[in-house]
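Taking my numbering, the leading residue of the sequence shown gets 8, the next gets one more, and so forth.
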Amino acid sequence: MSRSIRTITAAVAALLLATSCNSASERGSSKEGDGGSTRGVTDDSIKVGGIVSMTTASGYSKKDTDLGAKARFDRANTEGGVHGRKIEYLGAEDDGQDPGKNLAAARRLVQQEKVFAISPMSSVTFSGADFLQKQKVPTFGWGTIPPFCGPTYMYGFGGCMVPMPGGTITQSWPEGLKKVMGGAKGRSVAILANDNDAGTFAIRTYKQSFAAAGYEVTYAKSTVPATSVPSDWSAYTKEILRSDGGKAPDAVVSVMQTPYNIGLFTAVKRAGFKGVLTDPTDYDPGLLAKSATRKALDGVHVLLSFQPFEQDSADMRRFKADIRKAAGEEVPLNMHMMTGYMSADLFLAIAEKAGKDLTVDSFQKAADGYSDTGTMVGDRRLPEGRKEAFGCGALVQLKGGKYAVSSPFRCYEPIPFK
Numbered sequence: 008m009s010r011s012i013r014t015i016t017a018a019v020a021a022l023l024l025a026t027s028c029n030s031a032s033e034r035g036s037s038k039e040g041d042g043g044s045t046r047g048v049t050d051d052s053i054k055v056g057g058i059v060s061m062t063t064a065s066g067y068s069k070k071d072t073d074l075g076a077k078a079r080f081d082r083a084n085t086e087g088g089v090h091g092r093k094i095e096y097l098g099a100e101d102d103g104q105d106p107g108k109n110l111a112a113a114r115r116l117v118q119q120e121k122v123f124a125i126s127p128m129s130s131v132t133f134s135g136a137d138f139l140q141k142q143k144v145p146t147f148g149w150g151t152i153p154p155f156c157g158p159t160y161m162y163g164f165g166g167c168m169v170p171m172p173g174g175t176i177t178q179s180w181p182e183g184l185k186k187v188m189g190g191a192k193g194r195s196v197a198i199l200a201n202d203n204d205a206g207t208f209a210i211r212t213y214k215q216s217f218a219a220a221g222y223e224v225t226y227a228k229s230t231v232p233a234t235s236v237p238s239d240w241s242a243y244t245k246e247i248l249r250s251d252g253g254k255a256p257d258a259v260v261s262v263m264q265t266p267y268n269i270g271l272f273t274a275v276k277r278a279g280f281k282g283v284l285t286d287p288t289d290y291d292p293g294l295l296a297k298s299a300t301r302k303a304l305d306g307v308h309v310l311l312s313f314q315p316f317e318q319d320s321a322d323m324r325r326f327k328a329d330i331r332k333a334a335g336e337e338v339p340l341n342m343h344m345m346t347g348y349m350s351a352d353l354f355l356a357i358a359e360k361a362g363k364d365l366t367v368d369s370f371q372k373a374a375d376g377y378s379d380t381g382t383m384v385g386d387r388r389l390p391e392g393r394k395e396a397f398g399c400g401a402l403v404q405l406k407g408g409k410y411a412v413s414s415p416f417r418c419y420e421p422i423p424f425k
C-alpha cells in the first residue's frame, strides 16, 4: 500500500504477536570481537540480511520483497557501494509468517551471520522486533505494523503508517478520491470492514479520515466475519445501499482483503450501484490472470502509498530497470518488490550520510534529522517517521484488465489521530 489491509490487518496482528521475551544474554551490543570492530562492517563490506514471509499456510507469499532489495543493493554496488564498501546482501530468511521462525531468523542473522542491519523485514509476524531493538540492529521495512512506530532502531520506509496516540492519520485516501469524485462536498461514503480488532481499528481510523476531508460518512461498520468470506452479501449490501437517507452513498470503501472485496463489489454491482468503489488492497498484476477476478474488480480505485508503476518518472524507470536486471528477465511488478527496494533505499541513504566511519552510533546519528524529497514514497523525514507516515499516496483504477492512474502520487497534510 503498500499498504494492504493487509495494512490495518497487519498492524493489529503484529501488535498481538510482537511480544517475545528475551533472556539476559540478549542484551544489545553493536560491537563484536576483541578489537571492538562494528558488527557486520569491514573495510570493504557491509553485511545485511532480510526476513520475509516467503511461504505461508494460506499460500500468500511476499517472496518478491527479496528481489526488490537485491535489485537496489545490486545497483548500489555497481555504483561503488557506500563510501567504498560493497553491500554483502545475504538474502532473506523465510519466517513462514510464524512468530517462532521470525524470532529465530532475527537471532540467526545477528548472532551467527553478524549482520549490521536487517533490510528488508516484511511479515505481519514481527516477534523478533524486541530482540533486534535490544541488539541495536537497524531494521527496515514497511511501517504498517506497530514495531516500526516508536523504537529507535526500526525504520518504516514510508514512515509509521499505523495511527498511534499523539500521532497522525494520513489523508492520501480521502484526498486522492476528491480528484475521482470531483470533491468531497455533498459526497457520502460507506465504509465496511471485518468483525475483528483490525476491522474495528480500521473503522475508527477511516471514519475520522473521511469526515475530516469533508465527506459525509453515512455508514461505518466492522461486521463482516473475519473467519470466512460470506456466501451471501445481501444483508450488507441492503444496509449500505440505503445508508444515505434511504439511497446509495456516492462511494463504497472496503478495508478488507481481496477475497472479501470480490464478493462485496460483485454484490453491490449486481444491486445496481453506479458509484465509486475503492480499497487499499487490490494492486497486483496476478489478480488480472483470472477473468472472473478482473470482472469483479473492474472499475475499482486502489490506494497506494508509493508511486504507481504506471506513473512515468525517472525514479520509476530506474526501478523497473533495476528489477529487470536483478531478475534476469522482464517480470510482472508488484508491491512486494517495492517494499524490498525502498527498504534498501532508505538504509543506503542513511548509511551514506553516516560517512566512512560507519558504526551503529554514527548510523543512528545520521538517521536523527535525516530528510530528503521527491522519492517514490514522497518526502522522507526522520525522526518524524517513527511516529507518523510521510503522508503520500496515489490511486489507480482497474479498467479493462489494466491499471491506470486515477489520482497521481502526491503528499497530503495529515490530521491528528483521536
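We put the beta carbon where it would ideally sit given N, CA and C, even for glycine.
In this text, all values refer to a predicted model and were calculated from it rather than measured experimentally.
Check: residue i C-beta below 7 Å from any heavy atom of the ligand HEM
{"i": "S235", "result": "This structure lacks the ligand HEM, and indeed carries no ligand of any kind."}
Three-state class that DSSP yields for residue i in the structure shown
{"i": "K297", "result": "coil"}
{"i": "V48", "result": "strand"}
{"i": "Q178", "result": "coil"}
{"i": "T85", "result": "helix"}
{"i": "Q142", "result": "coil"}
{"i": "G148", "result": "strand"}
{"i": "E359", "result": "helix"}
{"i": "G166", "result": "strand"}
{"i": "G279", "result": "coil"}
{"i": "M61", "result": "coil"}
{"i": "G400", "result": "strand"}
{"i": "G56", "result": "strand"}
{"i": "M344", "result": "helix"}
{"i": "P423", "result": "strand"}
{"i": "S126", "result": "strand"}
{"i": "T234", "result": "coil"}
{"i": "A76", "result": "helix"}
{"i": "T285", "result": "strand"}
Enclosing beta strand (DSSP E) for residue i [first to last residue]
{"i": "K501", "result": "Absent from the model: residue 501. The displayed extent of the chain is 8 to 425, so no value can be given."}
{"i": "T380", "result": "S378 to T382"}
{"i": "H308", "result": "H308 to L311"}
{"i": "T230", "result": "E223 to V231"}
{"i": "E100", "result": "K93 to D101"}
{"i": "N201", "result": "S195 to N201"}
{"i": "A396", "result": "Run containing A396: none; DSSP gives neither H nor E here."}
{"i": "R387", "result": "G385 to R388"}
{"i": "A374", "result": "Note, A374: premise wrong, no beta strand (DSSP E); alpha helix (DSSP H) at V367 to A374."}
Rounded C-alpha distance that separates residue i from residue j
{"i": "F416", "j": "M171", "result": "24 Å"}
{"i": "E337", "j": "V275", "result": "37 Å"}
{"i": "G166", "j": "P127", "result": "14 Å"}
{"i": "A113", "j": "F138", "result": "8 Å"}
{"i": "Y410", "j": "G381", "result": "23 Å"}
{"i": "R277", "j": "E317", "result": "30 Å"}
{"i": "D289", "j": "G173", "result": "30 Å"}
{"i": "L284", "j": "G91", "result": "50 Å"}
{"i": "L295", "j": "Q264", "result": "16 Å"}
{"i": "D102", "j": "K192", "result": "46 Å"}
{"i": "K228", "j": "I422", "result": "22 Å"}
{"i": "C28", "j": "G135", "result": "Bear in mind that a pLDDT of 33 at C28, under 50, signals an unreliable position, so the number given afterwards is only what the model happens to contain. The straight-line gap from Cα to Cα measures roughly 9 Å."}
{"i": "G6", "j": "S68", "result": "With the chain covering only 8 through 425, there is no way to say anything about residue 6."}
{"i": "G148", "j": "K254", "result": "42 Å"}
{"i": "L355", "j": "W240", "result": "47 Å"}
{"i": "Y222", "j": "V403", "result": "20 Å"}
{"i": "P237", "j": "G398", "result": "34 Å"}
{"i": "K297", "j": "S378", "result": "42 Å"}
{"i": "R387", "j": "S130", "result": "22 Å"}
{"i": "I198", "j": "A328", "result": "38 Å"}
{"i": "I330", "j": "V117", "result": "27 Å"}
{"i": "G88", "j": "Q119", "result": "24 Å"}
Buried versus exposed call for residue i [16 or more other C-beta atoms within 10 Å across all chains shown]
{"i": "H308", "result": "buried"}
{"i": "E420", "result": "exposed"}
{"i": "L110", "result": "buried"}
{"i": "S320", "result": "exposed"}
{"i": "A200", "result": "buried"}
{"i": "Q5", "result": "In this structure the chain extends from 8 to 425, so residue 5 is not present and cannot be described."}
{"i": "P292", "result": "exposed"}
{"i": "R393", "result": "buried"}
{"i": "T234", "result": "exposed"}
Residue from the options whose Cα sits closest to the Cα of residue i
{"i": "S44", "options": "F424, L97 and V367", "result": "V367"}
{"i": "G98", "options": "T265, S60 and A358", "result": "S60"}
{"i": "V260", "options": "S298, W180, D364 and G157", "result": "W180"}
{"i": "M5", "options": "D257, L353, D375 and G407", "result": "As displayed, the chain neither begins before 8 nor continues past 425, which places residue 5 out of reach and without an answer."}
{"i": "S250", "options": "D375, Y226 and D352", "result": "Y226"}
{"i": "T49", "options": "I94, F397, T85 and A328", "result": "I94"}
{"i": "Y243", "options": "S235, K214 and V231", "result": "V231"}
{"i": "P57", "options": "A78, Y96 and D51", "result": "Note that residue 57 is Gly in the sequence shown here, rather than Pro. Cα-wise, what sits closest to G57 is Y96."}
{"i": "S312", "options": "G183, P154, T159 and E246", "result": "G183"}
Opening and closing residue of the alpha helix (DSSP H) in which residue i lies
{"i": "R325", "result": "A321 to A334"}
{"i": "P106", "result": "P106 to R114"}
{"i": "G216", "result": "First, the residue type needs correcting, since residue 216 is Ser and not Gly in the sequence shown. That run of the alpha helix (DSSP H) goes D204 to A219."}
{"i": "A242", "result": "S241 to I247"}
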